[in-house]
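Chemist:
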Amino acid sequence: MAKRTSTARRLAIAMARVCAENRCHNVAVLDLRKLSPVTDFFVLATGTSARQMRTAAERIVQAGEELGETPFGVEGVAPRQGADGARWVLIDYVDVIVHVFTDESRTYYDLELLWGDAPRVDWKKGWTPRETDNAPAFGDA
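When you read off a place in the sequence shown, starting at 1, and then add 5, the result is the number in our numbering.
1. Between 28, 99, 98 and 116, which has its C-alpha nearest residue 58's C-alpha?
2. Less than 8 Å between the C-beta atoms of residue 108 and residue 45, yes or no?
3. In this structure, how does DSSP classify residue 32 when only helix, strand and coil are distinguished?
4. Measure the Cβ-Cβ separation of residue 32 and residue 50 and say whether it is below 8 Å.
5. Counting only the same chain and skipping the five closest in sequence on each side, list residues whose C-beta sits under 8 Å from that of residue 66.
6. Restricting to Cα atoms, I'd like to know which of 25, 39, 23 and 24 is closest to residue 122.
7. Could you check whether residue 16 and residue 120 sit closer than 8 Å to each other, using their CB atoms as the reference points?
8. Alpha carbon to alpha carbon, what distance is there between residue 112 and residue 72?
9. Could you give the distance in angstroms between the alpha-carbon of residue 74 and the alpha-carbon of residue 132?
10. Between which residues of its own chain and residue 92 is the CB-CB distance below 8 Å, once the five residues before and five after are set aside?
11. In three-state terms, what does DSSP make of residue 80?
12. Please confirm whether residue 64 has its beta-carbon closer than 8 Å to some beta-carbon of chain B.
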């Protein structure tokens, strides 16, 4: 169990970094291990447009594949398909669920309030954002 949790935590941190490097803002990682039987971590991020959210979703899926992870499902702006009106992208890795919202949807659903007891993970520790390259910086956290 500890190995799975460690892997899930590393994946959540990697996904948060991918979100940030693809111009999402207000990125947060919530540790739900003691609060939810459904998943271990939520990654929350806010996109700036449907196009940017689609690009972020594509990079999240690509980064997951590079780490040997395949999403169980993708809802919203699906990678390589996309719908310009999407307001929420959900990428489900089972132990890690990545949410990319518009500002309005993030405020409306307010998952931080719903999961207010969840500790936040410091995903920025030891990370330096890349200014010229949108490729994610993966590292053990």
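Ideal placement from N, C-alpha and C gives every residue a C-beta, glycine not left out.
Modeler: Answer, in terms of the structure:
1. Selected option, being the one with the closest Cα: 28.
2. By the CB criterion at 8 Å, residue 108 and residue 45 fall outside the cutoff.
3. strand
4. The Cβ-Cβ distance between residue 32 and residue 50 falls below 8 Å.
5. 76, 79, 84 and 96
6. 39
7. No, these two residues do not count as a Cβ contact at 8 Å.
8. 31 Å
9. 21 Å
10. 81, 106, 107, 109 and 110
11. strand
12. In the structure shown, chain B cannot be found, because there is only a single protein chain.
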